[in-house]
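*Asks:* Sharing a structure, written as structure tokens. Questions coming.
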Amino acid sequence: KNFYRKLTTHKSVHEAFDRWNQGAFMRDDLRKGWQISSDITVVSYSRGKIRVGDVWVNFIDPDKAYLVPIADGLLQTRFAPGTGMSDINTIGLPEYVSAHILPHDEGVELKGQTNFVSYAERPHAIVEISEIDE
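Position 41, counted from 1, in the sequence shown is what the numbering used here calls 21; the numbers after and before it change by one each time, with no gaps.
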């Protein structure tokens, strides 16, 4: 968050942003990030937090930034089987949904789940950006 603020207020980034795409930024939704060249997109992940006890912890330190290249096979996601009896010894699927008919035909209770893990297969390709010159 803090690094993103430094980056977006830097004079050279402002100049590059002003020139890039000749005003396309006025038409685009910048919450998804913005491009500073044809293959570099700047994105802030400052809202990524998890709760540990009573404390919220950031996924990424607000004073750090990372360069993550877009490359085939860099990031992987794998799915585990569901927790139902019919899912034992099966290959994992992205989503599992099971239905249970309520008594007296009053409706259907649905249970849904996804069991995934995402990871970087080549973690050395992700580089920490250390500093911005003022």
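For every residue, glycine included, the Cβ atom is placed at its ideal position computed from N, Cα and C.
Among all the DSSP beta bridges, which residues are the ones paired with R31?
*Replies:* Note: R31 sits in a beta bridge opposite W36.
*Asks:* Just the Cα atoms here: how many angstroms apart are S78 and Y99?
*Replies:* Spanning the two alpha carbons is a distance of roughly 28 Å.
*Asks:* Which residues mark the beginning and the end of the beta strand (DSSP E) in which K44 is found?
*Replies:* Run containing K44: none; DSSP gives neither H nor E here.
*Asks:* Assign A105 to one of three DSSP states: helix, strand, or coil.
*Replies:* DSSP places A105 in helix when its eight states are reduced to three.
*Asks:* Applying the 10 Å Cβ sphere with the 16-neighbour rule, what's the burial state of G62?
*Replies:* The residue in question, G62, is buried, as its Cβ has 16 or more Cβ neighbours within 10 Å.
*Asks:* Please list the terminal residues of the continuous beta strand (DSSP E) segment that includes Y99.
*Replies:* Taken as a continuous stretch (DSSP letters only), the beta strand (DSSP E) holding Y99 covers 96 to 100.
*Asks:* In three-state terms, what does DSSP make of S(-8)?
*Replies:* Helix, per DSSP.
*Asks:* Looking only at its own chain, which residues have a Cβ that is under 7 Å from the Cβ of K44, when we skip the five neighbours before and after it?
*Replies:* So the qualifying residues of the chain are F(-17), E108.
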